[in-house]
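Numbering (the numbering used here), first residue to last: 9 to 374. Quick reminder that beta carbons are idealized off the backbone N, C-alpha and C, glycines included. So the structure is just underneath, and the comments pick up after that.
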């Protein structure tokens with residue numbers, strides 16, 4: 009069975025192109041025929057029914073950076089401190105008379121923005137760069153504690169424990185053990201794990217998600233030579249939106265280990281699952297963030313929302329980026345989850361924005 013998805017465009021898109029007719033305003037792509045893409049397609053159909061609508065945007069490989077505003081940065085700093093204070097006031101049911109302790113102290117939350125001068129690009133022109141590596145490292149650590157919290161879910165890792173609430177951790181995960189089919193329940197006694205009281209679970213999840221969001225808000229003020237030098241590529245991103253701050257059942261589906269063989273290590277297609285819908289970071293984001301690609305949460309992800317991105321992955325071949333991966337022992341990184349290839353209208357991609365897709369059609373060929 010061959011499946012094609014057609015994006016029907018508003019004719020206004022074509023009005024700017026002299027070499028196309030108004031009656032031919034669409035982009036089509038043919039899906040790959042493998043179990044992972046079949047899983048994605050099922051999720052795609054599900055989300056069309058669940059949301060009833062979609063949105064299209066130009067996905068920027070590099071986040072748009074904001075002009076330096078120290079007052080806004082100080083406000084973000086204060087909000088992060090307040091959240092950490094709230095976390096530290098939640099009782100740890102694993103330890104009598106002790107509260108949960110976030111691994112970074114409130115007093116250590118300092119979002120310092122400094123001008124480190126001028127740098128020159130390959131043709132000798134200069135431009136300002138703004139980056140405080142200490143703050144960038146702080147933001148990376150805050151984000152990683154959030155992903156550890158998300159991955160240390162007791163329901164998946166500690167199926168036999170008898171304690172009410174959930175085991176969580178800011179610094180440890182059983183992710184690798186789970187993926188290898190091994191689960192060590194004796195780790196219940198590890199001091200790196202804590203138990204969230206049942207009546208505080210939603211509060212705790214909300215606070216952890218707020219840390220994640222504030223980190224992403226703060227990093228808009230930090231740039232470096234990596235950010236300036238990385239290819240400035242835009243891709244058409246068709247998504248359904250997130251129904252809630254915390255995903256609800258049905259918004260995502262998990263990729264089982266036996267389908268991971270269909271994740272690509274080459275740039276051979278031009279329709280992909282998005283790289284931003286993962287718990288953690290894709291490699292290119294870690295590179296721009298001056299993070300390291302070694303931790304468990306730097307990867308292509310294992311979840312599908314039904315969204316897709318049109319555009320190739322040439323930017324994975326950016327020489328400084330490849331060198332950075334090799335320096336960390338990564339010779340064959342995951343390029344992502346390929347979904348298919350554009351069969352019609354590829355030349356229209358640069359003209360499409362969020363308001364131009366007026367309909368999505370599915371064509372099944374048996």
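> Which word fits residue 262, buried or exposed, when buried means at least 16 other C-beta atoms lie within 10 angstroms of its C-beta?
Replying inline: Working through the chain shown from its first residue, we reach residue 262 at position 254. Burial call: exposed.
>> Using the three-state DSSP reduction, which class does residue 15 fall into: helix, strand or coil?
In response: For the purposes of this step, residue 15 is taken as the residue at position 7 of the chain shown. It is a strand residue.
> Tell me the DSSP bridge mates of residue 110?
Replying inline: Here the question's residue 110 lines up with position 102 in the chain shown. Note: residue 110 sits in no beta bridge, so no partner.
> Between the C-alpha atoms of residue 13 and residue 175, what's the straight-line distance to the nearest angstrom?
Replying inline: Position 5 of the chain shown, counted from the start, is the residue given in the question as residue 13. Position 167 of the chain shown, counted from the start, is the residue given in the question as residue 175. Cα to Cα, the separation comes out at about 43 angstroms.
>> Is it buried or exposed, residue 369, if we count other Cβ atoms within 10 angstroms and call 16 or more buried?
In response: Residue numbering aside, residue 369 sits at position 361 when the chain shown is read from its first letter. The residue is exposed, with fewer than 16 neighbouring Cβ atoms inside 10 Å.
> Who does residue 369 pair with in a DSSP beta bridge?
Replying inline: Here residue 369 is taken as the residue at index 361 of the chain shown, counted from 1. Its beta-bridge partners are 14.
> If we ignore side chains and look at the alpha-carbon of each, how far apart do residue 127 and residue 233 end up?
Replying inline: The residue you call residue 127 lines up with position 119 of the chain shown. The residue you call residue 233 lines up with position 225 of the chain shown. Any reading at residue 127 needs caution, since the residue's pLDDT is 35, under 50, leaving its predicted position unreliable; the model's value is listed next. Rounded to the nearest angstrom, the two C-alpha atoms are 7 angstroms apart.
>> On a Cα-Cα basis, can you pick out the residue from 285, 149 and 144 that is closest to residue 230?
In response: Within the chain shown, numbered from 1, the residue matching residue 230 stands at position 222. Closest option to residue 230, Cα to Cα, is 144.
> Can you name the start and end residues of the alpha helix (DSSP H) that residue 94 belongs to?
Replying inline: Locating residue 94 in the chain shown gives position 86, counting from the first residue. For residue 94, the enclosing alpha helix (DSSP H) stretches over residues 78-96.
> So who's on the other strand from residue 379, going by DSSP bridges?
Replying inline: There is no way to answer for residue 379, as the model of the chain reaches only from 9 to 374.
> Between residue 292 and residue 329, is the Cβ-Cβ spacing less than 8 angstroms?
Replying inline: Here residue 292 is taken as the residue at index 284 of the chain shown, counted from 1. Here residue 329 is taken as the residue at index 321 of the chain shown, counted from 1. Yes.
> With residue 114 and residue 92 assumed to form a contact (beta carbons below 8 angstroms), what rounded beta-carbon distance in angstroms separates them?
Replying inline: Here residue 114 corresponds to residue number 106 of the chain shown, with the count starting at 1. Here residue 92 corresponds to residue number 84 of the chain shown, with the count starting at 1. The pair is a contact, with the Cβ atoms about 5 angstroms apart (cut-off 8 angstroms).
> Within this structure, are the beta carbons of residue 157 and residue 216 separated by less than 8 angstroms?
Replying inline: Position 149 of the chain shown, counted from the first residue, corresponds to residue 157. Position 208 of the chain shown, counted from the first residue, corresponds to residue 216. Their beta carbons are under 8 angstroms apart, which means residue 157 touches residue 216 by this criterion.
> Can you name, in chain order, every residue of its own chain whose Cβ lies under 6 angstroms from the Cβ of residue 305, other than the five neighbours on each side?
Replying inline: Locating residue 305 in the chain shown gives position 297, where the first residue counts as 1. Around residue 305: 155 and 288.
> Hey, would you say residue 200 sits closer than 8 angstroms to residue 179, going by beta carbons?
Replying inline: Along the chain shown, one-based indexing puts residue 200 at 192. Along the chain shown, one-based indexing puts residue 179 at 171. Using a Cβ distance threshold of 8 angstroms, residue 200 and residue 179 count as a contacting pair.
> Any idea if residue 276 is buried or exposed, counting beta-carbon neighbours within 10 angstroms, 16 or more meaning buried?
Replying inline: Working through the chain shown from its first residue, we reach residue 276 at position 268. Per the 10 Å Cβ criterion, exposed.
> For residue 41, which three-state DSSP category applies?
Replying inline: Here residue 41 is taken as the residue at index 33 of the chain shown, counted from 1. Note: residue 41 maps to coil in three-state DSSP.
> In terms of alpha-carbon separation, which member of 343, 220, 320 and 335 lies closest to residue 349?
Replying inline: For the purposes of this step, residue 349 is taken as the residue at position 341 of the chain shown. The option with the nearest alpha carbon to residue 349 is 320.
> Out of curiosity, what's the CA-to-CA distance linking residue 15 and residue 282?
Replying inline: Here residue 15 corresponds to residue number 7 of the chain shown, with the count starting at 1. Here residue 282 corresponds to residue number 274 of the chain shown, with the count starting at 1. The straight-line gap separating the alpha-carbon atoms of residue 15 and residue 282 is approximately 17 angstroms.
> Do residue 301 and residue 334 have their CB atoms nearer than 8 angstroms?
Replying inline: For the purposes of this step, residue 301 is taken as the residue at position 293 of the chain shown. For the purposes of this step, residue 334 is taken as the residue at position 326 of the chain shown. Going by C-beta atoms, residue 301 is not nearer than 8 angstroms to residue 334.
> Can you check whether the CB of residue 97 is closer than 8 angstroms to the CB of residue 106?
Replying inline: Here residue 106 refers to the residue found at position 98 of the chain shown. Here residue 97 refers to the residue found at position 89 of the chain shown. When the beta-carbon positions are compared, residue 106 and residue 97 stay at least 8 angstroms from each other.
> Short check: CB of residue 48 to CB of residue 314, under 8 angstroms?
Replying inline: Reading the chain shown from its first residue, position 40 is the one you call residue 48. Reading the chain shown from its first residue, position 306 is the one you call residue 314. The Cβ atoms of residue 48 and residue 314 sit closer than 8 angstroms to each other.
> Which residues in the same chain as residue 40 place their Cβ atom closer than 6 angstroms to its Cβ, once the five residues preceding and following it in sequence are excluded?
Replying inline: Position 32 of the chain shown holds residue 40. Excluding sequence neighbours, residue 40 sits near 348.
> Rounded to a whole number of angstroms, what is the C-alpha to C-alpha distance between residue 308 and residue 108?
Replying inline: Locating residue 308 in the chain shown gives position 300, counting from the first residue. Locating residue 108 in the chain shown gives position 100, counting from the first residue. Near 31 angstroms, if we compare the C-alpha coordinates of residue 108 and residue 308.
>> Can you give me the C-alpha to C-alpha distance between residue 295 and residue 311, rounded to a whole angstrom?
In response: Working through the chain shown from its first residue, we reach residue 295 at position 287. Working through the chain shown from its first residue, we reach residue 311 at position 303. Going by the C-alpha atoms only, they are around 22 angstroms apart.
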